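Numbering (our numbering), first residue to last: 45 to 170.
Cβ atoms here follow ideal geometry from the backbone N, Cα and C, with glycine treated the same way.
Small disclaimer: the values here were computed from a predicted structure and weren't measured.
Here the structure comes first, spelled out in structure tokens, and everything after it is commentary.
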């Protein structure tokens with residue numbers, strides 16, 4: 045397991061998602077309002093292919109950093125992929141599903157973590 049804290053992992057995941065052109069990336073500190081996880085990373089891919097590219101990139105890079113996925117759902121359909129890395133859960137949506145499920149509204153009491161201005165580029169672990 046990675047020796048990074050959950051916030052660092054969530055921010056790294058946000059950067060990795062940005063590397064694959066994920067849009068509207070949000071990191072929510074859900075651990076303040078729930079026991080489900082410490083952080084959610086929510087992002088959008090504009091097609092099934094892009095959702096898969098983002099998910100595959102996260103799975104590969106996190107495994108390289110000794111943080112393998114514990115559970116994966118929705119990959120086959122590629123409309124809403126959930127990747128559970130323990131303290132950090134990633135939701136990769138296509139636009140219609142993101143609007144319909146509106147996790148940001150559902151978890152509105154969770155603080156939103158500020159992302160670095162240049163999320164992406166060299167994002168992830170270094």
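Ranked by how close their Cα comes to the Cα of residue 154, the residues 140, 78, 60 have 78 in first place. Of the candidates 151, 114, 144, 96, 96 places its Cα closest to the Cα of residue 136. Where residue 68 is concerned, the enclosing beta strand (DSSP E) starts and stops at 67-72.
Inclusion of residue 69 and residue 81 in the CB contact set at 8 Å is not warranted, their separation being larger than that value. Closest option to residue 100, judged by alpha-carbon separation, among 158, 151, 63, 147: 63.
In the structure shown, the three-state DSSP call for residue 121 is coil.
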